[in-house]
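**Q**
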Amino acid sequence: MTTLAGSEIDEKYSGFSIIQADYKKIGEHGIRADVLIPNSVPGGKRPVILRFHGGGLVLGDSLFPLWFPEWALDLAQQKSAIIVSANYRFLPEATGVDILTDIDDFWTWVHSSELAHLLSSHPSSNGSPIELDLDRCLAAGDSAGGLLSVYLGLSHAEDGIRAITGSSPMLNIDPPTVYPSVQSTLLPTPPESFIDEFVGRIQPGTVVTSENPSFANPSERLLFFGAAFGHHRLPEFYTRDYESSTTHHDRIFQLQRLDQPDIKLPKGGIVIVHGEQDDIVAVESSHRFINKVRERFHGQPGEDKVVLHVRPGGHCFDNHVHLAEPWLQDTLKDAVAAWLE
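Residue numbers (full-length UniProt numbering): 1 to 341.
1) Would you call the stretch 300 to 309 and the stretch 196 to 206 in contact, with 3 or more CB pairs under 8 Å?
2) In terms of residue numbering, what span does the alpha helix (DSSP H) encompassing P326 cover?
3) Let me check one thing: in DSSP terms, what residues is P280 bridge-paired to?
4) Closer than 8 Å by C-beta to A337: which residues in its own chain qualify, once you throw out the five before and the five after it? Chain order, please.
5) Find the nearest neighbour of Q329 within the set E70, A86, P38, S244, judged by alpha-carbon distance.
6) Using DSSP with H/G/I as helix, E/B as strand and the rest coil, what is Q183?
7) Nearest to P129 by alpha carbon, out of L171, S184, S120, N291?
8) Please name the residue, chosen from A94, V150, R51, W107, that lies closest to R251 on a Cα-to-Cα basis.
9) Using the three-state DSSP reduction, which class does I103 fall into: helix, strand or coil?
10) Less than 6 Å between C-beta atoms, sequence neighbours within five positions excluded: which residues of the same chain meet that for H287?
11) How many angstroms separate the CA atom of K292 from the CA atom of T2?
12) Using three-state DSSP, classify Y13 as helix, strand or coil.
13) Leaving out five residues before and five after A228 in sequence, what residues of the same chain have Cβ atoms less than 6 Å from its Cβ?
14) Ignore the nearest five residues each way along the sequence and tell me which others in V178's own chain have a CB closer than 6 Å to its CB.
15) With DSSP as the reference, identify every bridge partner of K24, one or two as the case may be.
16) In whole angstroms, what separates the C-alpha of S245 from that of L100?
17) Per DSSP, L52 forms a beta bridge with which residues?
18) Put A76 into one of helix, strand or coil per three-state DSSP.
19) Buried or exposed, going by whether 16 or more other CB atoms sit within 10 Å of the CB of S62?
20) When the distance is taken between beta carbons, is R201 closer than 8 Å to E211?
21) Are Q78 and L308 closer than 8 Å when you measure CB to CB?
22) How big is the Cα-Cα spacing for Q277 and V35?
23) If you draw a straight line from the alpha carbon of P326 to that of K333, how long is it in whole angstroms?
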């Protein structure tokens with residue numbers, strides 16, 4: 001466990017203290033969670049933002065500054081909320097089932113006495129112990145993290161998750177897979193042979209849970225992601241062996257989960273923001289998902305708080321938008337109200 005001033009990571013986090021701890025281990029490899037605590041937070045029960053980073057399920061990091069949404073930091077400071085942001089295992093070394101298992105274990109850890117002790121030991125502005133109000137959780141995620149946010153929110157709609165938010169969520173991976181009509185201007189696209197070469201070099205038992213990408217100087221992992229995305233092979237790594245899973249075979253695809261009779265919607269609904277010019281996750285996949293949510297939960301609690309806001313912009317453009325932006329405030333207002341009530 002480590003406690004840092006947020007500015008030690010990046011000036012973006014200067015308004016926070018950050019507790020870093022492993023929420024689980026795979027062999028000797030710890031998987032890190034980051035707990036962001038506003039510097040002026042009072043003690044007592046604090047609302048919670050559970051946040052998941054993007055990166056195509058292949059790369060990224062919980063605290064990669066370019067991908068951490070400004071509005072989430074603003075919201076945490078404005079509402080004296082605690083952000084708990086998770087890393088998770090990556091494709092292709094892991095599978096989609098492995099990743100969802102990590103998210104389940106992260107949820108368990110968020111409720112653990114270990115985390116409660118770490119928070120209660122952290123100083124507050126009024127001297128009282130800091131606690132997580134686990135009945136008031138907001139699930140948030142960008143790109144691949146948006147997929148994980150939806151997964152967690154649908155899994156715990158009645159036991160703590162009040163609302164779900166997603167920025168350009170990777171719901172296009174649900175069959176039939178949806179791809180943009182234009183080639184991505186951001187991602188490199190090596191030949192398809194690079195995919196199998198990369199996979200062939202993986203040593204058995206390898207676990208990878210963090211890599212900050214550089215698009216100016218792409219790593220082999222970023223090249224793999226670009227190739228797997230560009231040649232439409234990412235779903236094969238996500239779905240590998242899922243049918244044999246006794247726990248997740250019916251939870252791997254969030255669109256199909258909406259057909260399950262016992263599925264529930266959080267009382268604060270689902271809010272998705274998506275850029276019209278997104279050339280990584282096709283905006284059509286968000287239309288498809290939200291339309292089905294509205295159909296599935298028509299007339300039920302939370303259905304009136306299902307929002308899809310599409311506006312000009314590229315992939316996860318809203319990561320750089322502050323909460324003070326009027327359109328974003330309006331888009332989030334019902335979800336935030338349900339989260340805090």
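Think of the CB as a built atom: it goes at the ideal place given N, C-alpha and C, for glycine as much as any other residue.
**A** Reading from the atomic positions:
1) The answer is no - the stretch 196 to 206 does not touch the stretch 300 to 309, with fewer than three Cβ pairs under 8 Å.
2) 326 to 340
3) Per the sequence shown, the amino acid found at residue 280 is Ile instead of Pro. DSSP output for I280 lists no bridge partner at all.
4) G268
5) E70
6) coil
7) For the set L171, S184, S120, N291, the Cα lying nearest the Cα of P129 is the one of S120.
8) V150
9) DSSP, read as helix, strand or coil, puts I103 in helix.
10) Exclusion of the five residues before and after H287 leaves no residue of its chain whose Cβ lies closer than 6 Å to its Cβ.
11) 43 Å
12) Judged by DSSP in its simplified three-state form, Y13 adopts helix.
13) I195, L234
14) N172, A282, E284, S285
15) K24 is bridged by DSSP to I31.
16) 11 Å
17) In the sequence on display, residue 52 carries Phe and not Leu. F52 is bridged to A86, G141.
18) DSSP places A76 within a helical segment (H, G or I) once states are collapsed to three.
19) By the neighbour-count rule (16 or more Cβ atoms within 10 Å), S62 is buried.
20) With respect to the 8 Å criterion, E211 and R201 are not classified as neighbours on the basis of their beta carbons.
21) In this structure, Q78 keeps its C-beta atom at 8 Å or more from the C-beta atom of L308.
22) 33 Å
23) Going from the Cα of P326 to the Cα of K333 covers about 10 Å.
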